[in-house]
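When we follow UniProt numbering, the leftmost residue of the sequence shown carries the number 4, and every step to the right adds one.
Written below as structure tokens is the structure these notes are about.
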Amino acid sequence: LKIERVPTTPFDGQKPGTSGLRKKVKIFQSPGYTENFVQATLTGALGDKVKGSTLVVGGDGRYFLRDSIQIIARIAAANGVSKLFIGQGGILSTPAVSCIIRKYKTTGGIICTASHNPGGPTEDFGIKYNIENGGPAPENVTSAIYKVTQTINEYYYCSNLDVDLDNLGEQSFKVDGHDFSIYIIDSVQDYLELMKEIFDFEALKSVVRPGGLKILINCLNGVTGPYAKRIFEVELGAPPSSVVNCVPLNDFGGHHPDPNLTYAKDLVDAMAKGEHGFGAAFDGDGDRNMILGQEAFFVTPNDSLAVLANNLECIPYFKRTGVKGFARSMPTAGALDRVARAKHQKCFETPTGWKFFGNLMDAGWISLCGEESFGTGSDHIREKDGIWAALAWLSVIKYTNKSVRLILMDHWRQYGRNFFTRYDYENCETEPANTMMNKLQELVDDPSTVGKSFTSGSKTYTVKIADNFRYCDPVDGSISENQGIRIIFTDDSRIIYRLSGTGSSGATIRVYIEGYENDSTTFGKDSQVISGDNLKTV
Ligand code: VG1
Ligand code: CO
Numbered sequence: 004l005k006i007e008r009v010p011t012t013p014f015d016g017q018k019p020g021t022s023g024l025r026k027k028v029k030i031f032q033s034p035g036y037t038e039n040f041v042q043a044t045l046t047g048a049l050g051d052k053v054k055g056s057t058l059v060v061g062g063d064g065r066y067f068l069r070d071s072i073q074i075i076a077r078i079a080a081a082n083g084v085s086k087l088f089i090g091q092g093g094i095l096s097t098p099a100v101s102c103i104i105r106k107y108k109t110t111g112g113i114i115c116t117a118s119h120n121p122g123g124p125t126e127d128f129g130i131k132y133n134i135e136n137g138g139p140a141p142e143n144v145t146s147a148i149y150k151v152t153q154t155i156n157e158y159y160y161c162s163n164l165d166v167d168l169d170n171l172g173e174q175s176f177k178v179d180g181h182d183f184s185i186y187i188i189d190s191v192q193d194y195l196e197l198m199k200e201i202f203d204f205e206a207l208k209s210v211v212r213p214g215g216l217k218i219l220i221n222c223l224n225g226v227t228g229p230y231a232k233r234i235f236e237v238e239l240g241a242p243p244s245s246v247v248n249c250v251p252l253n254d255f256g257g258h259h260p261d262p263n264l265t266y267a268k269d270l271v272d273a274m275a276k277g278e279h280g281f282g283a284a285f286d287g288d289g290d291r292n293m294i295l296g297q298e299a300f301f302v303t304p305n306d307s308l309a310v311l312a313n314n315l316e317c318i319p320y321f322k323r324t325g326v327k328g329f330a331r332s333m334p335t336a337g338a339l340d341r342v343a344r345a346k347h348q349k350c351f352e353t354p355t356g357w358k359f360f361g362n363l364m365d366a367g368w369i370s371l372c373g374e375e376s377f378g379t380g381s382d383h384i385r386e387k388d389g390i391w392a393a394l395a396w397l398s399v400i401k402y403t404n405k406s407v408r409l410i411l412m413d414h415w416r417q418y419g420r421n422f423f424t425r426y427d428y429e430n431c432e433t434e435p436a437n438t439m440m441n442k443l444q445e446l447v448d449d450p451s452t453v454g455k456s457f458t459s460g461s462k463t464y465t466v467k468i469a470d471n472f473r474y475c476d477p478v479d480g481s482i483s484e485n486q487g488i489r490i491i492f493t494d495d496s497r498i499i500y501r502l503s504g505t506g507s508s509g510a511t512i513r514v515y516i517e518g519y520e521n522d523s524t525t526f527g528k529d530s531q532v533i534s535g536d537n538l539k540t541v
């Protein structure tokens, strides 16, 4: 095969957001658009190290996945990459990519996903680069990629390279004298083996076996289908109807593959019937999770994280490694902090997005971390992990021998309850959204804001801290500014404002509101979290 040098010109707006570059499929299909970004990713992330490098490539099954992988393979081959590991049919969940990068010690990986955003010819696509620790590229790498996209004038290409994505095994090529090989790997196997090392599958079998706890796992036609079928039904022996919507569809059946009370309503309705004791749903790329108990009892991601922190020792992996500490993203409620205090563990507060947890894990400072946006994970990989979270919950159910609801009630009795709600204002115009954020910046910059009091109902709140969250990474000292406007009151209630970094067009404003109660008469109440219809994600 010959290497071609194809002249090109830059496209505006190829700046990776919270989790890679996300745009409408039509934009990725514009001639040169995907090619430019993939070339910029290799040049920006790897520079000279691209020669002889090895990469994992896969995605969540959404429309344009197969085309994008052909493009990635042609550009990788032409840049001197030596090996690609690709999931069969292009299918790899985000956690599986992280697992495979670590297991085979590859240079990095490229994940083709727009996560929970809808898919299909008129919907979203995305490309994200992960580094050698298996985690999302940190900001210095994504900035380097962005820089290349702004000046790119050619990309390298092997137009005659065609990858057979469907047959397992090796395909070898000679590209201008160098060896290039592609391994099509089973999408599930390596991930399954990792889960077996972490959890006690024998114990979990005894939980979900026919006649035991009835579970309902809804994959929302995203990437987790094959993983969940294999793990919950084949390996753990749950009855055949336990895993539903388990065929990855390129438009996710026309739905948002987003595991929350709005978009996973089918699961909520099915659980509401009371026949199942445990329910879970995952997003398009398999890194998010929602956990429900009997009668659709909703576990907020904040509480899920705190409960897992409180019980982590029941999982064999953590028995082996010890529990090293916790972390949560800044907007995530402080339920985790209370467990950390009780257990004398460190608890770090990072900006939104999984990339900030990686350094803490690599340094051995944290075992468990999570976000309010349905992300939970541990240092077994460097991505959040939906199926892992469901298996962790089943482990806690086995260990405590309690229902999901009782686990939560007991947790709140011990620690109090952090009530939390999030409003998402989607498809806003960019300019007014920026103006609003600037006004909020002026508010928090004004020294008279601190000390002001506001009254709502019978409660008065006095501002203790008003700022824009700035993170100094305690491992490498790097600074991330402007991570969200915070108004924190003297009783630790908070209001946070930030702009989303995962949308494909326009602006999304997120408002996070949190208050704490230790009066047990309030615990059973539905928080706003599960009321308003406009709460797309909680
Ligand atoms: C959102 C969530 C954030 C999460 C990110 C990626 O980002 O708020 O917590 O890490 O999505 O998740 P933003 O910038 O839109 O608020 V995923 O499953 O979309 O990769
Ligand atoms: Co996701």
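A virtual CB, placed ideally from N, CA and C, is assigned to each residue, including glycine.
Secondary structure at residue i, three-state DSSP: helix, strand or coil?
i, result
"Arg65", "coil"
"Ile410", "helix"
"Ala299", "helix"
"Asn471", "strand"
"Leu95", "coil"
"Lys73", "Per the sequence shown, the amino acid found at residue 73 is Gln instead of Lys. Helix, per DSSP."
"Tyr426", "strand"
"Thr458", "strand"
"Lys108", "coil"
"Tyr464", "strand"
"Ile134", "coil"
"Val100", "helix"
"Tyr266", "coil"
"Gly389", "helix"
"Leu168", "coil"
"Ser190", "coil"
"Ile482", "strand"
"Ile78", "helix"
"Ile114", "strand"
Taking the beta carbon of residue i as the centre, do at least 16 other beta carbons fall within 10 Å, making it buried, or is it exposed?
i, result
"Leu171", "exposed"
"Ser456", "exposed"
"residue 559", "Nothing about residue 559 can be read from this structure; the chain reaches only from 4 to 541."
"Gln417", "exposed"
"Val247", "buried"
"Asn362", "buried"
"Ser175", "exposed"
"Thr125", "exposed"
"Thr540", "Legend: pLDDT at Thr540 = 34, less than 50; position of this residue unreliable, no value from coordinates given."
"Cys372", "buried"
"Asp449", "exposed"
If contacts are defined as beta-carbon pairs under 8 Å, then residue i and residue j qualify, I think. What distance do you get, rounded to the angstrom?
i, j, result
"residue 1", "Trp368", "Only positions 4 to 541 of the chain appear in the structure, and residue 1 is not among them; the question remains open."
"Ala312", "Ala336", "That pair is no contact at about 13 Å."
"Leu197", "Cys102", "5 Å"
"Met333", "Gln486", "6 Å"
"Gly138", "Glu386", "7 Å"
"Thr11", "Ile155", "6 Å"
"Val302", "Leu397", "With 8 Å as the limit, Val302 and Leu397 do not qualify as a contact, their Cβ atoms being about 13 Å apart."
"Ala330", "Phe360", "6 Å"
"Gly480", "Thr433", "No, Gly480 and Thr433 are not in contact; Cβ-Cβ is about 32 Å, not under 8 Å."
Tell me, please, which residues DSSP counts as bridged to residue i.
i, result
"Asn248", "Paired residue(s): none; Asn248 is not in a bridge."
"Cys350", "Phe329"
"Gln174", "Ile185"
"Asp127", "Lys27"
"residue 560", "In the structure as shown, the chain starts at 4 and stops at 541, and residue 560 therefore has no counterpart that could be examined."
"Pro10", "Glu157"
"Gly378", "Arg291 and Glu374"
"Thr21", "Gly23"
"Thr57", "Lys86"
"Val514", "Tyr426 and Tyr500"
"Asn421", "Tyr519"
"Gly282", "Leu219 and Leu295"
"Arg489", "Asp470 and Ile499"
"Pro139", "Asn133"
- Touching by the beta-carbon criterion (3+ pairs, under 8 Å), the stretch 197-217 and the stretch 175-188: When Cβ pairs closer than 8 Å are counted between the two stretches, the stretch 197-217 is seen not to touch the stretch 175-188, the count staying below three.
- Would you check if there are 3 or more beta carbon pairs closer than 8 Å linking the stretch 219-239 to the stretch 417-426? no
- Message: Under 8 Å, with one C-beta from each stretch per pair, do the stretch 398-410 and the stretch 505-520 reach the 3-pair mark?
- Response: no
- Message: Pairs of beta-carbons, one from the stretch 10-30 and one from the stretch 115-123, closer than 8 Å: are there three or more?
- Response: Cβ pair count under 8 Å is three or more, so yes.
- Query: Taking one C-beta from the stretch 464-474 and one from the stretch 443-455 each time, how about it: are there three or more such pairs within less than 8 Å?
  - Reply: yes
- Message: For the stretch 247-266 against the stretch 60-74, do three or more pairs of beta-carbon atoms, one drawn from each stretch, fall closer than 8 Å, so that the two count as touching?
- Response: yes
- Task: Would you check if there are 3 or more beta carbon pairs closer than 8 Å linking the stretch 109-117 to the stretch 208-219?
- Result: No, they do not touch.
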